[in-house]
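Numbering (full-length UniProt numbering), first residue to last: 1 to 193.
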């Protein structure tokens, strides 16, 4: 499974991420700067939870819910929780799969923009659909190019959902409707905040 936040845009096919070995939690870890040895051991890797690759399982789901019930509230809600929970099986993937625009603002020397496949507009003031040109840090040419790509895809009518195609699809009976009761059980999801 590849999870993507709603403020992410995929520019190239990333299907190959589905072929990563099972048993690990893959997410982007930014290579910002080298940790100075005089500061002691580096802190543990901390990934952005806006994009990750994982093979879900019922056991993990149940353990996640149990752990969530006893976990304290944290500043970054699900991101802190997922970093703690998946730390033992976390494997970093390159930043090209989750470029956070703040990396362009603060560490452009570590970004190879021509190789980026996924852009994450999660930094404050970086949403292309709210872009006015007045936002701090958004006046860079590389950022303007990404905003333009976002709008080009948004405005591409060939990508629009066609209602006539949906009518045929939704007229067919649901697989769940054909299953004996109880087909699905629901439990209330606890809040991560």
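C-beta: ideal position from N, C-alpha, C; glycine also.
{"Query": "Reference residue 143; option with closest CA among 130, 117, 168, 104", "Result": "104"}
{"Query": "Those residues which DSSP pairs with residue 4 across a bridge", "Result": "51"}
{"Query": "Same chain only: Cβ atoms within 8 Å of residue 97, ignoring 5 sequence neighbours per side", "Result": "14, 17, 28, 51, 117, 118"}
{"Query": "Of the residues 125, 84, 92, the one placed nearest residue 63, counting alpha carbons only", "Result": "84"}
{"Query": "Inter-residue spacing [alpha-carbon to alpha-carbon] between residue 208 and residue 60", "Result": "The structure shown does not extend to residue 208, since the chain spans only 1 to 193, so no value can be given for it."}
{"Query": "DSSP three-state assignment for residue 100, whether helix, strand or coil", "Result": "strand"}
{"Query": "Cut-off 6 Å between Cβ atoms - residues of its own chain near residue 72, not counting five sequence neighbours on either side", "Result": "none"}
{"Query": "Assigned secondary structure, residue 91 (DSSP; H/G/I helix, E/B strand, else coil)", "Result": "strand"}
{"Query": "Residue 145 burial status per 10 Å Cβ neighbour count (16 or more: buried)", "Result": "exposed"}
{"Query": "Residue 25 - DSSP class collapsed to helix/strand/coil", "Result": "strand"}
{"Query": "Buried versus exposed call for residue 120 [16 or more other C-beta atoms within 10 Å across all chains shown]", "Result": "buried"}
{"Query": "Rounded separation between residue 37 and residue 44 - CA only", "Result": "14 Å"}
{"Query": "Exposure label - residue 124; buried when at least 16 CB within 10 Å", "Result": "exposed"}
{"Query": "Rounded distance between the beta-carbons of residue 25 and residue 54, thought under 8 Å", "Result": "5 Å"}
{"Query": "Assigned secondary structure, residue 111 (DSSP; H/G/I helix, E/B strand, else coil)", "Result": "coil"}
{"Query": "Which of helix, strand or coil DSSP assigns to residue 192", "Result": "At residue 192 the pLDDT is 44, less than 50, meaning the model places this residue with poor confidence and gives no usable figure here."}
{"Query": "Between the CA atoms of residue 134 and residue 21 - distance to the nearest angstrom", "Result": "44 Å"}
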